[in-house]
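Encoded as structure tokens, the structure appears first; notes follow it.
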Amino acid sequence: MKILFISMRLPHPRVGSGHMIVHQRIQRLAKRGHQVGLVVFEQEDDADHVPEIRDVLHELEIVPRPRRALGDRVNNFLFSRVPPRFAEYRSDEMRRRVGDMVERTPYDVVVAEFGLMGQYVHWNPYLPAVRKVISVHQCHTLAARKALETLGWSPIAFREWFALQRLQRFELDMYRSADRIVVLTAEARYSVLSYAPDLRVSMIPSGVDTDYYRPGDPAKREHALLFTGYYRDEPNRDAVLWFVHTVWPTLKAQFPELVFYVVGPEPTAAIRELAAKNSGIIVTGEVDDIRPYLNKARVFVCPNRIGSGMRGKILQAMASGVPVVATSLGAEGIPIQMGDTGFLADKPEILAQSIKMLLTDEVLHGGIAQRARAMMVERFSWDQGVRQFENILEEVVSGR
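Per this note's numbering, the very first residue in the sequence shown carries number 1; after that it's consecutive.
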């Protein structure tokens with residue numbers, strides 16, 4: 001098959017979050033003999049990573065990242081049919097480039113990775129007739145509804161409810177324009193179908209490279225917690241701020257030497273201020289390799305309260321032998337068994353208690369680390385997931 005991927009940024013081995021899924025799909029589909037093209041928005045570090053992926057690609061296009069003035073954002077919020085979150089990534093140059101690439105090669109199927117990039121296979125006047133797949137790492141309608149539940153009633157909540165109506169219409173219409181929607185969890189599939197039963201939705205979980213992510217030396221682990229994420233995403237920003245304000249003070253009072261590593265690209269000013277105001281919090285920004293942090297952390301926390309989809313960061317932690325304490329939403333799509341392969345907790349006091357047990361009980365810590373690692377090896381290999389993805393693309397191209 002000839003497959004064109006559209007993504008937000010250049011995927012590479014050290015990129016986190018859902019971009020690792022894109023990297024693995026491209027690499028493994030190319031190795032299986034498919035002709036793969038890629039178009040992305042530019043990033044400052046592209047020059048460092050282009051050589052790592054160019055050899056497996058038929059062609060690569062990098063488009064200038066769209067910039068929005070404040071006036072454009074206000075106008076879009078009030079008058080545009082495109083929701084603000086999608087408008088942030090709207091680019092006429094990207095639409096033209098996608099159309100040109102499909103016409104030039106031509107491709108059998110176009111895969112829009114992330115819902116935000118699905119707009120380039122929908123309402124695109126430059127795109128020739130082609131099969132279209134939207135890989136939804138997070139349904140923004142579902143994420144917005146969950147965010148409203150956490151806000152309660154307030155003027156901000158009313159504004160978000162108003163914005164949600166436009167978002168839902170746009171996003172579901174976009175999904176209907178595709179030949180197939182791919183989600184990461186059974187929960188996401190069920191929720192999307194509850195809004196639009198006519199959609200063709202397939203579920204393929206994320207994966208993890210269990211050779212790349214392996215347990216480190218237990219003796220080198222610090223008395224430390226770890227969270228990783230891409231902080232342009234609101235669910236990750238909210239997770240860090242909520243955890244530090246509600247859980248961290250309790251833990252720090254009991255364990256004065258405790259460290260909390262906040263790792264990942266584009267931390268906001270509010271997140272950086274946490275490190276300045278709270279002893280023991282270290283905000284690293286983007287790192288070349290997260291494995292040293294996984295190898296030194298004693299507990300991985302995933303306190304996400306909003307958002308949707310499967311979080312590969314948890315899979316990486318489990319494969320690295322780091323016990324996980326997560327909210328039930330944070331662990332969506334991952335079969336964590338309480339006290340056996342990890343801990344689930346939605347209240348601050350229960351999160352603190354679960355973390356405390358893992359900090360103090362060596363037998364419990366070692367058992368969970370071992371069993372979670374075994375689950376990753378058995379059930380979440382990349383080969384298995386990419387094979388499923390390949391089968392879906394073949395179904396779409398053949399019209400089955």
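From the three backbone atoms N, C-alpha and C, an ideal C-beta is built for every residue, glycine too.
Checklist entry - Going straight from the alpha carbon of Arg65 to that of Gly366, what length do you get? => result Translated into the one-based positions of the sequence shown, residue 65 becomes position 65. Translated into the one-based positions of the sequence shown, residue 366 becomes position 366. Each residue's Cα considered, the two are about 45 Å apart.
Next on the checklist: Please give me, in chain order, every unbroken run of the alpha helix (DSSP H) with length at least 4 that falls completely inside the segment 354 to 394.
Outcome noted: 362 to 379
Next on the checklist: Less than 7 Å between the C-beta atoms of Phe300 and Leu226, yes or no?
Outcome noted: Here residue 300 is taken as the residue at index 300 of the sequence shown, counted from 1. Here residue 226 is taken as the residue at index 226 of the sequence shown, counted from 1. Cβ atoms of Phe300 and Leu226: closer than 7 Å.
Checklist entry - Taking the Cβ atom as the reference point for each residue, do Met117 and Ile6 lie within a distance shorter than 7 Å? => result Taking the first residue of the sequence shown as position 1, residue 117 is located at position 117. Taking the first residue of the sequence shown as position 1, residue 6 is located at position 6. In this structure, Ile6 lies closer than 7 Å to Met117 by Cβ.
Checklist entry - So, is Met338 buried or exposed, given that buried needs 16 or more other C-beta atoms within 10 angstroms? => result Walking along the sequence shown from the start, residue 338 turns up at place 338. Around the beta carbon of Met338, a 10 Å sphere encloses fewer than 16 other beta carbons of the protein chains shown; the residue is thus reported as exposed.
Next on the checklist: Considering only DSSP beta bridges, list what Thr228 is partnered with.
Outcome noted: For the purposes of this step, residue 228 is identified with residue 228 of the sequence shown, where counting begins at 1. DSSP, once it has assigned bridges, lists Val263 as partnering Thr228.
Item to check | For Cys302 and Gly333, the rounded distance between their alpha carbons | outcome: Working through the sequence shown from its first residue, we reach residue 333 at position 333. Working through the sequence shown from its first residue, we reach residue 302 at position 302. About 14 Å.
Item to check | Residues of its chain near Ser308, where Cβ-Cβ distance is below 6 Å and the 5 sequence neighbours each way are ignored | outcome: Within the sequence shown, residue 308 is the residue found at index 308, counting from 1. The residues are Gln138, Cys139, Leu142, Ala143, Ala188.
Checklist entry - Beta carbon of Val130, beta carbon of Val102: below 7 Å? => result As a position in the sequence shown, residue 130 is number 130, starting the count at 1. As a position in the sequence shown, residue 102 is number 102, starting the count at 1. Yes. Within cutoff.
Item to check | Proximity winner among Met20, Asp179, Glu149, relative to Val109 (alpha-carbon distances) | outcome: To locate residue 109, count along the sequence shown from 1; it is residue 109. When Met20, Asp179, Glu149 are compared, the shortest CA-CA separation from Val109 is found for Asp179.
Checklist entry - With distances taken from CA atoms, which of Val386, Ser194, Val283 is nearest Arg25? => result Reading the sequence shown from its first residue, position 25 is the one you call residue 25. Closest by alpha carbon: Val386.
Checklist entry - In its own chain, which residues sit with a C-beta less than 7 Å from the C-beta of Asp45, not counting the 5 before and 5 after it? => result In the sequence shown, the residue the question calls residue 45 occupies position 45. Answer for Asp45: no residue qualifies.
Item to check | Buried/exposed call for Phe79, threshold 16 Cβ in 10 Å | outcome: Along the sequence shown, one-based indexing puts residue 79 at 79. The predicted position of Phe79 is uncertain, since its pLDDT is 48 and thus under 50; a value taken from the coordinates is nonetheless stated next. It counts as exposed.
Checklist entry - Cβ of Val201 within 7 Å of Cβ of Val192? => result Here residue 201 is taken as the residue at index 201 of the sequence shown, counted from 1. Here residue 192 is taken as the residue at index 192 of the sequence shown, counted from 1. Yes, these two residues count as a Cβ contact at 7 Å.
Checklist entry - Quick one: any contact between the segment 201 to 212 and the segment 231 to 248, if contact means 3 or more CB pairs under 8 Å? => result no
Checklist entry - Taking the alpha helix (DSSP H) that Ile134 falls in, what are its first and last residues? => result Translated into the one-based positions of the sequence shown, residue 134 becomes position 134. Counting along the chain, Ile134 falls outside any alpha helix (DSSP H), though it belongs to the beta strand (DSSP E) covering 131 to 136.
Checklist entry - Name the DSSP beta bridge partners of Gln35, please? => result Translated into positions along the sequence shown, residue 35 becomes position 35. BP columns for Gln35 point to Lys2.
Next on the checklist: As an exercise, report each continuous alpha helix (DSSP H) stretch of at least 4 residues that is fully enclosed by the segment 263 to 308, in chain order.
Outcome noted: 269 to 277, 291 to 296
Checklist entry - From Leu4 to Leu38, what does the alpha carbon distance come to, in whole angstroms? => result Within the sequence shown, residue 4 is the residue found at index 4, counting from 1. Within the sequence shown, residue 38 is the residue found at index 38, counting from 1. About 6 Å.
Checklist entry - First and last residue of the beta strand (DSSP E) that includes Val109? => result Within the sequence shown, the letter at position 109 stands for residue 109. Residues 109 to 113.
Item to check | Beta bridge counterpart(s) of Ser328 as assigned by DSSP | outcome: As a first step, residue 328 must be located in the sequence shown, where it is residue number 328. The partner list for Ser328 (beta bridge, DSSP) is empty, contrary to what the question assumes.
Item to check | Backbone CA spacing between Leu406 and Ile281 [nearest angstrom] | outcome: Residue 406 cannot be examined here, being either before or after the span of the chain that is shown, 1 to 400.
Checklist entry - Is it right to say Thr360 is buried, meaning 16 or more other beta carbons lie within 10 angstroms of its own, or is it exposed? => result On the sequence shown, residue 360 is found 360 positions in, with the first residue counted as 1. With fewer than 16 other CB atoms across the displayed protein chains lying within 10 angstroms of its CB, Thr360 is exposed.
Next on the checklist: Mapping the DSSP letters down to three states, classify Tyr338 as helix, strand or coil.
Outcome noted: Within the sequence shown, residue 338 is the residue found at index 338, counting from 1. A quick correction: the sequence has Met, not Tyr, at residue 338. Note: Met338 maps to strand in three-state DSSP.
Checklist entry - Which of the three DSSP states, helix, strand or coil, is assigned to Val40? => result Here residue 40 refers to the residue found at position 40 of the sequence shown. Val40: strand per DSSP, three-state reduction.
Checklist entry - Cβ atoms of Ala224 and Arg291: under 7 Å apart, would you say? => result The count along the sequence shown starts at 1 and reaches residue 291 at position 291. The count along the sequence shown starts at 1 and reaches residue 224 at position 224. The answer is no: Cβ separation not under 7 Å.
Next on the checklist: Which of the three DSSP states is assigned to Asp8 in this structure?
Outcome noted: Here residue 8 corresponds to residue number 8 of the sequence shown, with the count starting at 1. Per the sequence shown, residue 8 should be read as Met rather than Asp. Reduced to three states, the DSSP call for Met8 is coil.
Checklist entry - Bridge partners of Leu344, per DSSP? => result Taking the sequence shown and counting its residues from 1, the one referred to as residue 344 is at position 344. For Leu344, which the question treats as bridged, DSSP gives the partners Ala326.
Checklist entry - Taking the continuous beta strand (DSSP E) assigned at Leu60, which residues delimit it? => result The residue given as residue 60 occupies position 60 in the sequence shown. Start and end: 59 to 63.
Item to check | Segment contact flag, the segment 370 to 383 with the segment 347 to 354, C-beta cutoff 8 Å, min 3 pairs | outcome: no
Checklist entry - So what's Tyr206 in DSSP terms, helix, strand or just coil? => result Here residue 206 is taken as the residue at index 206 of the sequence shown, counted from 1. The sequence given here places Ser at residue 206; Tyr does not occur at that position. Judged by DSSP in its simplified three-state form, Ser206 adopts coil rather than helix or strand.
Checklist entry - What three-state label does DSSP hand Val98 in the structure shown? => result Within the sequence shown, the letter at position 98 stands for residue 98. Looking at Val98 - three-state DSSP - the assignment turns out to be helix.
Next on the checklist: So Val262 and Val287 are supposed to be a Cβ contact under 8 Å. How far apart are they, rounded?
Outcome noted: In the sequence shown, residue 262 corresponds to position 262, counting from 1. In the sequence shown, residue 287 corresponds to position 287, counting from 1. Actually they are not in contact, since the Cβ atoms of Val262 and Val287 sit about 11 Å apart, beyond 8 Å.
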